[in-house]
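Peer 1: Have a look at the structure that comes next, please.
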DNA sequence: AAAACATATTGACAAACGTCGATGTATAGT
DNA sequence: ACTATACATCGACGTTTGTCAATATGTTTT
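Residue numbers (my numbering), protein chains in the order written: chain A, 892 to 989; chain B, 892 to 989.
Encoded structure:
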């Protein structure tokens, strides 16, 4: 994962609402209507946030009738975690993230 | 680490220049003048980025004469890494980040 | 004391962001 | 067919962001 993509994911996670959405999806797939219940934002705003999370590759959509089910993308999440884990405050560890 | 602080760190890392700065500091302490050499930005802009990285707790400053030496804050970095590692695309893992 | 250097601060500006109300699109139920 | 539901898109708005030139602050050197 290059720095541009990693930064894009970071930026997506940089909004408190979006970070909380990702944390909720960490428990498994969830539809927009259920997500919406947990926030003080309107439906268009949630839709906008979901679009940003999808566009950076962190979240996938699965359409089922009226419902959109969102889930975390395992591949992107794994790559991103590696990227963050490579950050180190000590010199003894190899660096060179992404 | 709560969601507000985690989101603030994510936002700080959400700029490609700042992510790269953090990656460079991952190799050890570095002064502003050396960081500046690697980017196509002016000195005031770098100073602004460093302020943002410091304010979220991810970076520390050590003044030595004319030079400001920057380094990653181990505690904040560790907390943040835990936060990201708790994100999971599988249901079998415990979640509840931050 | 003066000049040179390293960094921070200020003020300005265009671009991007988060949010909303209104509207559009598609599906499900009556 | 009509209505209700779930979600996306559009247009607008105030706010924040990334950037720079200009200037200020503090340190070292001459």
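A virtual CB, placed ideally from N, CA and C, is assigned to each residue, including glycine. Note that this is a predicted model, so its numbers are computed, not measured.
Strictly below 8 Å CB to CB, what residues from chain A border residue 906 (chain B)?
Peer 2: Within 8 Å of the CB of residue 906 (chain B), the CB atoms of chain A belong to 898 and 902, in sequence order along the chain.
Peer 1: Please report the straight-line C-alpha distance between residue 894 (chain B) and residue 907 (chain A), rounded to a whole angstrom.
Peer 2: 6 Å
Peer 1: For a minimum of 3 consecutive residues, which ranges assigned as the beta strand (DSSP E) are wholly contained in the region 920-975 of chain B?
Peer 2: 950-955 and 958-963
Peer 1: Just mark residue 939 (chain A) as buried or exposed, buried being the case when its beta carbon has 16 or more other beta carbons within 10 Å.
Peer 2: Exposed, by the Cβ-count rule.
Peer 1: By the 10 Å Cβ neighbour count, where 16 or more other Cβ atoms means buried, how is residue 973 (chain A) classified, buried or exposed?
Peer 2: exposed
Peer 1: DSSP state of residue 892 (chain A), grouped into three classes?
Peer 2: coil
Peer 1: With 8 Å set as the bound, which would you pick, yes or no: does the beta-carbon of residue 947 (chain A) sit closer than that to a beta-carbon of chain B?
Peer 2: no
Peer 1: Taking the alpha-carbon positions, what's the residue 962 (chain B) to residue 943 (chain A) distance?
Peer 2: Roughly 31 Å between the two C-alpha positions.
Peer 1: 8 Å is my cut-off, CB to CB: does residue 913 (chain A) come that close to chain B?
Peer 2: yes
Peer 1: Looking at residue 947 (chain B) and residue 900 (chain B), is the spacing between their C-beta atoms short of 8 Å?
Peer 2: Contact flag set, yes.
Peer 1: To the nearest whole angstrom, what separates the beta carbons of residue 964 (chain A) and residue 981 (chain B), a pair I think is in contact under 8 Å?
Peer 2: Not really, about 12 Å apart at Cβ, beyond 8 Å.
Peer 1: Starting from the Cα of residue 959 (chain A), find the closest Cα among A:924, A:931 and A:934 and give me that residue.
Peer 2: A:924
Peer 1: Could you spell out the range, first to last residue, of the alpha helix (DSSP H) harbouring residue 978 (chain A)?
Peer 2: Premise fails: residue 978 (chain A) is in no alpha helix (DSSP H) and is neither H nor E.
Peer 1: Listing by chain order, which chain B residues have their CB less than 8 Å from the CB of residue 963 (chain A)?
Peer 2: Result: 978, 979 and 980.
Peer 1: Looking at the ligand PLP, does it come within less than 7 Å of residue 977 (chain A), judged from the CB to the closest heavy atom?
Peer 2: What this structure holds is no ligand at all, so the ligand PLP is not there to describe.
Peer 1: By the three-class DSSP mapping on this structure, what secondary structure does residue 916 (chain B) have?
Peer 2: helix
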